[in-house]
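Protein sequences, first through last, are from chains A and B.
Under the numbering used here, the first residue of the first sequence is numbered 14, with each subsequent residue one higher.
Under the numbering used here, the first residue of the second sequence is numbered 14, with each subsequent residue one higher.
Where is the CB? At the ideal position from N, CA and C, for every residue including glycine.
As the structure is a prediction and not an experimental result, all values here were calculated from the model.
There are 2 protein chains.
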Amino acid sequence: MVPAEMTAARRRAAKKPTLGIDLGGTKILGGLVSPQGEILASSKKKTRAEKGPDQILERLVNVAIDTARKAGLEIADVAGLGIGAPGQIDHGTGSIVYAPNLGWRDIPLVEHLSEALGIPVALDNDVNVVAVAEHLWGRGQEVDDLVAISVGTGIGAGIILGGELWHGFNGTAGEIGHTVIDQDGPKWKASNRGCLESMASRMAIALRLEKAMKNGQETSIFEETGGKASEIRSKVLKRAVAGGDPLVIAELEESARLIGIAVGNVINFLNPEMIVMGGGMIESLADVMMPIIEKTARRCAIANAAQDVQIVASELGDSAGLLGAAALVR
Amino acid sequence: MVPAEMTAARRRAAKKPTLGIDLGGTKILGGLVSPQGEILASSKKKTRAEKGPDQILERLVNVAIDTARKAGLEIADVAGLGIGAPGQIDHGTGSIVYAPNLGWRDIPLVEHLSEALGIPVALDNDVNVVAVAEHLWGRGQEVDDLVAISVGTGIGAGIILGGELWHGFNGTAGEIGHTVIDQDGPKWKASNRGCLESMASRMAIALRLEKAMKNGQETSIFEETGGKASEIRSKVLKRAVAGGDPLVIAELEESARLIGIAVGNVINFLNPEMIVMGGGMIESLADVMMPIIEKTARRCAIANAAQDVQIVASELGDSAGLLGAAALVR
Numbered sequence: 014m015v016p017a018e019m020t021a022a023r024r025r026a027a028k029k030p031t032l033g034i035d036l037g038g039t040k041i042l043g044g045l046v047s048p049q050g051e052i053l054a055s056s057k058k059k060t061r062a063e064k065g066p067d068q069i070l071e072r073l074v075n076v077a078i079d080t081a082r083k084a085g086l087e088i089a090d091v092a093g094l095g096i097g098a099p100g101q102i103d104h105g106t107g108s109i110v111y112a113p114n115l116g117w118r119d120i121p122l123v124e125h126l127s128e129a130l131g132i133p134v135a136l137d138n139d140v141n142v143v144a145v146a147e148h149l150w151g152r153g154q155e156v157d158d159l160v161a162i163s164v165g166t167g168i169g170a171g172i173i174l175g176g177e178l179w180h181g182f183n184g185t186a187g188e189i190g191h192t193v194i195d196q197d198g199p200k201w202k203a204s205n206r207g208c209l210e211s212m213a214s215r216m217a218i219a220l221r222l223e224k225a226m227k228n229g230q231e232t233s234i235f236e237e238t239g240g241k242a243s244e245i246r247s248k249v250l251k252r253a254v255a256g257g258d259p260l261v262i263a264e265l266e267e268s269a270r271l272i273g274i275a276v277g278n279v280i281n282f283l284n285p286e287m288i289v290m291g292g293g294m295i296e297s298l299a300d301v302m303m304p305i306i307e308k309t310a311r312r313c314a315i316a317n318a319a320q321d322v323q324i325v326a327s328e329l330g331d332s333a334g335l336l337g338a339a340a341l342v343r
Numbered sequence: 014m015v016p017a018e019m020t021a022a023r024r025r026a027a028k029k030p031t032l033g034i035d036l037g038g039t040k041i042l043g044g045l046v047s048p049q050g051e052i053l054a055s056s057k058k059k060t061r062a063e064k065g066p067d068q069i070l071e072r073l074v075n076v077a078i079d080t081a082r083k084a085g086l087e088i089a090d091v092a093g094l095g096i097g098a099p100g101q102i103d104h105g106t107g108s109i110v111y112a113p114n115l116g117w118r119d120i121p122l123v124e125h126l127s128e129a130l131g132i133p134v135a136l137d138n139d140v141n142v143v144a145v146a147e148h149l150w151g152r153g154q155e156v157d158d159l160v161a162i163s164v165g166t167g168i169g170a171g172i173i174l175g176g177e178l179w180h181g182f183n184g185t186a187g188e189i190g191h192t193v194i195d196q197d198g199p200k201w202k203a204s205n206r207g208c209l210e211s212m213a214s215r216m217a218i219a220l221r222l223e224k225a226m227k228n229g230q231e232t233s234i235f236e237e238t239g240g241k242a243s244e245i246r247s248k249v250l251k252r253a254v255a256g257g258d259p260l261v262i263a264e265l266e267e268s269a270r271l272i273g274i275a276v277g278n279v280i281n282f283l284n285p286e287m288i289v290m291g292g293g294m295i296e297s298l299a300d301v302m303m304p305i306i307e308k309t310a311r312r313c314a315i316a317n318a319a320q321d322v323q324i325v326a327s328e329l330g331d332s333a334g335l336l337g338a339a340a341l342v343r
């Protein structure tokens, strides 16, 4: 039997808001989230990954405290802090094993933050927490099984099966960006030849556009970006689409088709009830990309699975990560 | 509360053997299986799919009765009958929705057989029952999560997650044969361009060899097969490998590499603890194919997942299907 006072403490904690932090390569987004998924307060800082782990850890503590304070609360009034972080997580120790975007290896994030803040802290992968948010408060509220696919600089997925996050044996499940869809496709650094990320991510599109600009092809984005891949952000692409730029539109359509093939592969292999597409590229470019992703995926999927699967765009926007992170400590 | 006599009846049933039938496009394999997975008796008939559903249903009933009789039992002494069948299953009604190998559409198999035999009958996909057998009595006894991949005329997979078969939303999960690994690859009938099955199944290899023979390339299998794809069975390939036939060996190595890419995709996406490779091609040709499948899959998979996943060949041979089918009614 659970002692009566413990049950009461749990009841009180269940009514308290939790903090969620989305730790990205460029920014840290914090939110105080009610048990119903409302964002009661939020704050934002630059990550400044180049300054090293100690600085980032300090910034995370500050974002947590600031966010609570904005709602008139002390950290002790918060039931816990959840973090969604890029890279590979050790779920046993609550460490970040390797996060290339942050330049981190073996950082005991949960230990550090729970000591610094004195509240329970939970950690999961940035794409996994998005899947949690979609399931609890987004497009996937009515389904038990979904795959949330995030398309941005890279491409990743979070998998919910039977209402629970599926982490896999090493906690690395969802690495759809590394799956090969064209054995003869391009190869980047450590990635697989012809993997989805090297063919259809924002970075892949930006590199193709950079090359096209070098080859003298005309596009409206040349002036704004100086022809540099690193300057080709989702919003630049969005403006180019609005202006009817044929080169940019063709590249986006090609990437959407490739993503559609990968979504079809997921439907054939796992037969989920829903695919939720999100991330910066989908947020900015759903109009161009979603119809092609959906059409290609349904064409590639076997008949019954193709007929019934829901393929939808996220409506949680930039808050998906912090919402899902906040749910980790519930 | 469960009435005492019902519990006793369940206990008695749990000690009884069950029947398993592997219904294939060419043969029907039946086995009487103890609760510990021993095959107490078995029998075999040709499917003769061309004679239509009624004939096959009759043959299934006869295989069930014959198999029990060989062990000195009546059907009433058997706890139930499980069937593994090709094609798409309606798990709600126990019907075969569509099985191209049998030429069947909407056949209420469970209803028919349970009426004819008077015992509980269960039905699942032929590759799913193999996954069950591997988990209960094969290579996957020590793991909770595995993907069993069957390579034969076609290529399919059964997925065990948390010790249970994963059917997906429509019961179609595991269709790895339709996943695309080369967007510019060959296209067959209704299959996806560059899907695994159209590039790496026995049929794909046979078609490539047929073409090579037509183009006058030399191979030891020409005389035996008359240059016809339909005659190129796994055992023909096995003999050619034993004789050092360079053309056949090269085609098998290429297929193994492609299967390895697909296995790598599964590891990246689902991060299972174990991959069990089986089916006629692996049974006959594991020596040539398994090292390449394993090496390619580990190269394609991200580091931690690649390091820890077990990639093994089935040891259940031709009995995997009937063993798993027999377990369906436990």
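- Look at B:A318: its C-beta is under 8 Å from a C-beta on chain A.
- For A:A326, the uninterrupted beta strand (DSSP E) segment begins and ends at Q323 to A326.
- At a cut-off of 8 Å between beta carbons, A:I168 makes no contact with chain B.
- Cβ atoms of B:E264 and B:L209 stay farther apart than 8 Å, at about 15 Å.
- The Cβ of B:Q68 sits no closer than 8 Å to any Cβ of chain A.
- Under the 8 Å Cβ criterion, the stretch 77 to 86 of chain B counts as touching the stretch 33 to 49 of chain B, having at least three qualifying pairs.
- Assignment of A:I315 by DSSP, reduced to helix, strand and coil, places it in the coil class.
- Interface flag for A:D158 against chain B is set, since a Cβ pair is found closer than 8 Å.
- Shown in chain order are the members of the stretch 182 to 193 of chain B whose Cβ falls below 9 Å from a Cβ of chain A: F182, N183, G184, T185, A186, G187, E188, I189, G190, H191, T192 and V193.
- Spanning the alpha carbons of B:L73 and B:G169 requires a straight line of approximately 23 Å.
- For B:G277, the neighbours in chain A by C-beta distance under 9 Å run, in chain order, H191, T192, V193 and N205.
- Distance from the CA atom of B:A310 to the CA atom of A:A21, rounded to whole angstroms, is 51 Å.
- Contact with chain B is absent for A:D119, since none of that chain's Cβ atoms lies less than 8 Å from the residue's Cβ.
- With respect to chain B, the C-beta atom of A:I315 has a partner C-beta closer than 8 Å.
- Annotation: the continuous alpha helix (DSSP H) that includes B:I69 extends over P66 to K83.
- Contact between the stretch 313 to 327 of chain B and the stretch 177 to 197 of chain A is present: three or more C-beta pairs spanning the two stretches fall below 8 Å.
- By DSSP's assignment, A:S55 forms a beta bridge with A:G44.
- Within its own chain, the residues whose Cβ lies closer than 6 Å to the Cβ of B:I218, once the five positions on either side in sequence are excluded, are E264 and S268, listed in chain order.
- For A:T238, the enclosing alpha helix (DSSP H) stretches over residues F235 to T238.
- Distances from the CA of B:W179 to each of A:K308, A:L36 and A:N284 were compared; the closest alpha carbon is that of A:N284.
- DSSP places A:R118 in the uninterrupted beta strand (DSSP E) bounded by W117 to I120.
- Secondary structure note for B:N284: it is in no alpha helix (DSSP H), with a DSSP letter that is neither H nor E.
- Taking 9 Å as the upper bound on Cβ-Cβ separation, chain A lies near residues R270, L271, I274, A275, G277, N278, V279, I280, N281, F282, L283, N284, P285, E286 and M287 of the stretch 260 to 292 of chain B.
- In its chain, beyond the 5 residues on either side, G207 have a beta carbon closer than 6 Å to the beta carbon of A:D195.
- Rounded to whole angstroms, the Cβ separation of A:L122 and A:L94 is 10 Å, and the two are not in contact under 8 Å.
- Sequence-distant Cβ neighbours of B:A112 in its own chain, meaning closer than 6 Å and more than five residues away, are P99 and G100.
- DSSP, reduced to helix, strand and coil, places A:V164 within a strand of the structure shown.
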